[in-house]
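Asker: Heads up: the sequence shown begins at 1 in the working numbering, then just goes up one per residue. Glycine included, each C-beta is placed from N, C-alpha and C at the ideal position. In this text the structure is predicted, and so the values were computed from the model without any measurement. Quick one: the structure is below, questions incoming.
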Amino acid sequence: MSVTVIGGESTRARQAKEHKYGLTHLILRACLDYFRAAKGWAAVEQGVAVLQALSWTAAIIATQRLFDTITIAANHGLGFQRVVAPLGVLAVVVVLQQILSGAESYIFTYNSYGNSGKFMADFQRKLNRVPAALYEDAEFLDEVEQSRECLEYESLGVFTAICLNFLTSYAVFFAALGVFLFRLSPLLPLVIIAAFIPAALSLFAKARVFAELEEDNAPLRRRYEFYQDAIASREFFKETRLLGGFNYFYRLFIQTLGLITENRWQAERKTFWVRLALNVVSFLGLGAATLLLFQATMSGSISVGAFVAVFAGLTQMFSLMSEIVTERFSEASEYVGQIKQYYQLMDMPEVGGRHGKPDFIHGIRAQNVSFTYPGAETPAVINATLEIEDGETVAIVGENGAGKSTLVRLLSGLYQPDKGSVMIGGLDSADTHPETLYRETSGVFQKYQRYKMTLGENVAISNTLNPPDAHGITKALTDAHFNKGGTPLDTMLSPEFGGIDLSGGQWQRLAIARGLYRANQFIVLDEPTAAIDPLEEAHIYQQFEQLAQGKCAIIVTHRLGSVKLADRIVVMDSGEIKDIGTHAELLSRQGKYAQMWAAQAAWYENR
Ligand code: ATP
């Protein structure tokens, strides 16, 4: 797997998508991955498959010998003992075939289960290593959806099994039988190959049709899953029911399902005629081969025994070929689109860079930083320059959509700027490994997570490098004013898993405790108290003030009353930093901040 070290920029990561994956590349890649994952067992499986293929040919030759012996014995009035030996040989070959078939399917099942788990694990690891900003990109999310389907529905496993099966089982059988047939009549193998060339070519057309289908259906499937959630997931159902949204979502769900089915049907329809033509070609091929065989028998160039055995072999070969082309390859070609997306995703450049230790004596410095979300027309942050000194607390304020959260993601190294640079503790975020950047950083975020785990785990998740420390967890909960005191740390916080639920404000305090539990030199508080009542909020902000002492801290908030604790306030508007100063300085300048302050003051005074 090629891994390019990049800072995490979404546009650069997307360049991997331009790479074209031909069918041969996919087949080789899938087979090599299968061997790598299954290790020695893959070689054993393929070895057994080769033996099985040779046993099929051996059975045909043994049948011919038996029939030839029977013909000679009948013509010369010889006894049964003449046929015992060829009959015994045939019996041994048939028994061997059964043993090999059982062994092959056992090893195959063993390998497939093991491999699919390994591929899924690799996939999860990869998702953790791609740049975080990609999760804002619809195209990337489609790719994730298709890749997950590819692994969950075993498309990759089945595709690989079909390809390997063809190479080690069918191809060996056809080659061995081809030599045998060539010796009987040189035209025979040629007729058979010719009969299947158009069929094989048509598969490429089918692969293309189904790859297009995958691209069309991936975004639809994501919408379809979202509508399902909107109707019945625990997160959505209260609002959906209360606002009477069921019929609306149900209609969208049915429409999307209809579109997915329609696309599938169109793809099937496009390939139906191909399949029909294929069957006709195969049938004509079998007829031509039988005719050749018949002529060879009548002219005396092959024996009646050979005719019977070869005819049986030919029928087997044709049914195998038509199984391979019309069923197995046909199935495999449907998966090509998904597999291509999977490998494109697995080849995406990963975040990387130098490891080290940020030294916050150098503070945090953003220089002319701009960032545009994938698919957005206007930048969310434009040419922002900001320096946060060691031990300084900076508040960022501005209206909804001003770019505050985006600027924080850039300052913390989560997203890489499209232009400009961000230095965190003296390290350039563009060429420093994110693990290095995040090591000393903690945060409480606007959209915090409600982990379906115990109370203790919900806090300790922010510091998984060390074993959970019950004392530290309890202290963090106390500092965050988690007011469900006495709740044991092993209480499961999820009704879905037989536990209890918390109120919105309690969840938020828990998220604050999580942020506090993580050792840090740089703390980001992005709207950390939106769900907390005003009295408690004031206490929590006092707590933040203490915790931020001697560290770099950023607070994003709409509550201007609480920004006074900051050393400086940054005012953002339409993606730009419009002003920076203390509360008093900004008020005296009579700019955006003074307007916002006056509006909030009037709101409270007029109540
Ligand atoms: P709020 O106070 O409402 O939380 P904010 O100041 O934090 O807002 P941001 O969340 O940084 O604002 O968003 C800045 C701009 O970027 C907004 O115009 C928003 O619509 C846009 N934006 C945010 N996320 C995305 C995204 N994934 N794709 C496209 N545009 C986005």
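Would you call the CB atoms of L51 and A207 closer than 8 Å?
Answerer: Your numbering for residue 51 matches position 51 in the sequence shown. Your numbering for residue 207 matches position 207 in the sequence shown. Their beta carbons are not under 8 Å apart, which means L51 does not touch A207 by this criterion.
Asker: Between V5 and I382, what straight-line distance do the alpha-carbon atoms span, to the nearest angstrom?
Answerer: Along the sequence shown, read from residue 1 onward, the residue named residue 5 stands at position 5. Along the sequence shown, read from residue 1 onward, the residue named residue 382 stands at position 382. At V5 the pLDDT is 33, less than 50, meaning the model places this residue with poor confidence and gives no usable figure here.
Asker: How big is the Cα-Cα spacing for E136 and R129?
Answerer: Counting from 1 along the sequence shown, the entry for residue 136 is found at position 136. Counting from 1 along the sequence shown, the entry for residue 129 is found at position 129. Using only the alpha carbons, I get a separation of about 15 Å.
Asker: Quick one: is the Cβ of N400 within less than 7 Å of any heavy atom of ligand 1?
Answerer: In the sequence shown, residue 400 corresponds to position 400, counting from 1. Yes; taking the cut-off as 7 Å, the Cβ of N400 has a heavy atom of ligand 1 nearer than that.
Asker: Could you give the DSSP three-state label for S562: helix, strand or coil?
Answerer: Taking the first residue of the sequence shown as 1, we reach residue 562 at position 562. Reduced to three states, the DSSP call for S562 is helix.
Asker: According to DSSP, is D526 part of a helix, a strand, or is it coil?
Answerer: By 1-based counting over the sequence shown, the position of residue 526 is 526. Three-state result, D526: strand.
Asker: Taking only runs of the alpha helix (DSSP H) that begin and end inside the segment 483 to 558, which ones reach a length of at least 4 residues, in chain order?
Answerer: 504 to 517 and 534 to 548
Asker: Is the Cβ-Cβ distance between W56 and F166 less than 8 Å?
Answerer: Numbered from its first residue, the sequence shown carries residue 56 at position 56. Numbered from its first residue, the sequence shown carries residue 166 at position 166. Contact: no.
Asker: Does the distance between the C-beta of Q446 and the nearest non-hydrogen atom of ligand 1 fall short of 7 Å?
Answerer: The residue given as residue 446 occupies position 446 in the sequence shown. Yes, Cβ of Q446 sits closer than 7 Å to a heavy atom of ligand 1.
Asker: Measuring only from the beta carbon, is A548 closer than 7 Å to any heavy atom that is part of ligand 1?
Answerer: If you number the sequence shown from 1, residue 548 lands on position 548. No.
Asker: From the DSSP output, read off the bridge partner residues of A366.
Answerer: Indexing the sequence shown from 1 puts residue 366 at position 366. L386 and V422.
Asker: Is the beta carbon of V459 closer than 8 Å to that of R568?
Answerer: By 1-based counting over the sequence shown, the position of residue 568 is 568. By 1-based counting over the sequence shown, the position of residue 459 is 459. For R568 and V459, no; Cβs fall outside 8 Å.
Asker: Would you identify the three-state DSSP class for E334, choosing helix, strand or coil?
Answerer: Here residue 334 refers to the residue found at position 334 of the sequence shown. The answer is helix: DSSP assigns E334 an H, G or I state.
Asker: Sorted by chain position, which residues of the same chain lie with C-beta nearer than 8 Å to T71's C-beta, five sequence neighbours on each side aside?
Answerer: Taking the first residue of the sequence shown as position 1, residue 71 is located at position 71. Leaving aside the five residues that flank T71 on each side, the residues in its chain whose CB is nearer than 8 Å to its CB run, in chain order, S303, V304 and G305.
Asker: Measuring only the C-alpha atoms, how far is H481 from L586?
Answerer: Locating residue 481 in the sequence shown gives position 481, counting from the first residue. Locating residue 586 in the sequence shown gives position 586, counting from the first residue. Each residue's alpha carbon lies about 32 Å from the other.
Asker: Ends of the beta strand (DSSP E) at V397?
Answerer: The residue given as residue 397 occupies position 397 in the sequence shown. The continuous beta strand (DSSP E) containing V397 extends over residues T393 to G398.
Asker: For G375 and T406, I'd like the C-alpha separation in whole angstroms.
Answerer: Taking the first residue of the sequence shown as position 1, residue 375 is located at position 375. Taking the first residue of the sequence shown as position 1, residue 406 is located at position 406. Their backbone Cα atoms lie some 15 Å apart in a straight line.
Asker: Using only alpha-carbon positions, find the residue among A42, S429, A380 and S169 that is nearest to L320.
Answerer: As a first step, residue 320 must be located in the sequence shown, where it is residue number 320. Minimum Cα distance to L320 is reached at S169.
Asker: Taking the alpha carbon of G443 as the point to measure from, which residue in G499, D418 and L510 has its own alpha carbon closest?
Answerer: In the sequence shown, counting from the first residue as 1, residue 443 sits at position 443. Out of G499, D418 and L510, L510 has the C-alpha closest to the C-alpha of G443.
Asker: Cβ-heavy atom distance between T406 and ligand 1 below 7 Å?
Answerer: In the sequence shown, the residue the question calls residue 406 occupies position 406. Flag set: Cβ of T406 near ligand 1.
Asker: For A59, which residues of its own chain have a beta-carbon under 8 Å away from its beta-carbon, when the five flanking residues on both sides are left out?
Answerer: By 1-based counting over the sequence shown, the position of residue 59 is 59. So the list reads L90, V93, V94 and Q97, once near-sequence residues are dropped.
Asker: With distances taken Cα to Cα, identify the nearest neighbour of V274 among Q295, Q228, S330 and M348.
Answerer: For the purposes of this step, residue 274 is taken as the residue at position 274 of the sequence shown. Selected option, being the one with the closest Cα: S330.
Asker: If you check the beta carbons only, do G456 and A470 fall under 8 Å apart?
Answerer: Position 456 of the sequence shown, counted from the start, is the residue given in the question as residue 456. Position 470 of the sequence shown, counted from the start, is the residue given in the question as residue 470. Their beta carbons are under 8 Å apart, which means G456 touches A470 by this criterion.
Asker: Please look up how many angstroms separate the CB atoms of C31 and T240, rounded, as I've assumed it's under 8 Å.
Answerer: As a first step, residue 31 is located in the sequence shown; it is residue number 31 there, counting from the start. As a first step, residue 240 is located in the sequence shown; it is residue number 240 there, counting from the start. Between T240 and C31 the Cβ distance is about 47 Å, and since that is not below 8 Å, they are no contact.
Asker: Going by DSSP, which residues form a beta bridge with I569?
Answerer: Position 569 of the sequence shown holds residue 569. According to DSSP, which records beta bridges pairwise, I569 is partnered with A395 and G581.
Asker: Can you look up V130 in the DSSP assignment and give me helix, strand or coil?
Answerer: As a position in the sequence shown, residue 130 is number 130, starting the count at 1. Three-state DSSP puts V130 in coil, outside helix and strand.
Asker: Start and end of the beta strand (DSSP E) containing G443?
Answerer: Residue mapping note: residue 443 aligns to position 443 of the sequence shown, counting from 1. Residues T441 to V444.
Asker: Between the beta-carbon of A37 and the beta-carbon of K118, is there less than 8 Å?
Answerer: As a working mapping, residue 37 is identified with position 37 in the sequence shown. As a working mapping, residue 118 is identified with position 118 in the sequence shown. Yes, the Cβ-Cβ distance between A37 and K118 is below 8 Å.
Asker: Can you grab the Cα-Cα spacing for the pair L26 / N247, in whole Å?
Answerer: The count along the sequence shown starts at 1 and reaches residue 26 at position 26. The count along the sequence shown starts at 1 and reaches residue 247 at position 247. Going by the C-alpha atoms only, they are around 44 Å apart.
Asker: Taking the alpha carbon of G561 as the point to measure from, which residue in D579, T529, D573 and G244 has its own alpha carbon closest?
Answerer: Indexing the sequence shown from 1 puts residue 561 at position 561. The shortest Cα separation from G561 among D579, T529, D573 and G244 belongs to T529.
Asker: Would you say the beta carbon of G499 comes nearer than 7 Å to a heavy atom of ligand 1?
Answerer: Residue mapping note: residue 499 aligns to position 499 of the sequence shown, counting from 1. No, the beta carbon of G499 sits no closer than 7 Å to any heavy atom of ligand 1.
Asker: By the DSSP assignment, the alpha helix (DSSP H) with I61 in it spans what residues?
Answerer: One-based indexing of the sequence shown puts residue 61 at position 61. Where I61 is concerned, the enclosing alpha helix (DSSP H) stretches over G40 to N75.
Asker: For E350, name the three-state secondary structure that DSSP assigns.
Answerer: Position 350 of the sequence shown, counting from 1, holds the residue named residue 350. Correct three-state label for E350: strand.
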